[in-house]
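Peer 1: Residue numbers (UniProt numbering): 1 to 84.
Provided herewith is a single structure, encoded as structure tokens, for subsequent inquiry.
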């Protein structure tokens, strides 16, 4: 028997929300690395915390994500691209 359907909603407790973010962020970074290795794909991941702290992953040998073409656009353009 499989798992039941999980209802997605905001975690109201601030401490629980931060703990969940930290755990999921680690898993997300791990999966991005696995995807890049297993599929020989270029993967870039950008995650912002609720306080605006940046967490990034790039499978490319470049020094950080700021050299990627997507990151050279102004932030408003990037957000419009993500909304598609």
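Glycine included, each C-beta is placed from N, C-alpha and C at the ideal position.
On a predicted model such as this, the values are computed, not experimentally measured, just so you know.
Starting from residue 45 and walking both ways along the beta strand (DSSP E), at which residues does that stretch end?
Peer 2: To locate residue 45, count along the chain shown from 1; it is residue 45. Taken as a continuous stretch (DSSP letters only), the beta strand (DSSP E) holding residue 45 covers 44 to 48.
Peer 1: Taking only three categories from DSSP, how would you classify residue 34?
Peer 2: By one-based count along the chain shown, residue 34 stands at place 34. Judged by DSSP in its simplified three-state form, residue 34 adopts helix.
Peer 1: Shortest alpha-carbon distance to residue 18 belongs to which of 49, 57, 58?
Peer 2: Working through the chain shown from its first residue, we reach residue 18 at position 18. For residue 18, the nearest C-alpha among the options comes from 49.
Peer 1: Do residue 35 and residue 41 have their C-beta atoms within less than 8 Å of each other?
Peer 2: Taking the chain shown and counting its residues from 1, one reaches residue 35 at position 35. Taking the chain shown and counting its residues from 1, one reaches residue 41 at position 41. A contact, by the Cβ cut-off of 8 Å.
Peer 1: Are residue 57 and residue 29 closer than 8 Å when you measure CB to CB?
Peer 2: Residue mapping note: residue 57 aligns to position 57 of the chain shown, counting from 1. Residue mapping note: residue 29 aligns to position 29 of the chain shown, counting from 1. For residue 57 and residue 29, yes; Cβs fall inside 8 Å.
Peer 1: For residue 12, verify whether its CB is less than 7 Å away from any heavy atom of the ligand MG.
Peer 2: This structure lacks the ligand MG, and indeed carries no ligand of any kind.
Peer 1: Taking the CB atoms as reference points, tell me whether residue 25 and residue 6 lie closer together than 8 Å.
Peer 2: Residue 25 sits at position 25 when you count from the first residue of the chain shown. Residue 6 sits at position 6 when you count from the first residue of the chain shown. For residue 25 and residue 6, no; Cβs fall outside 8 Å.
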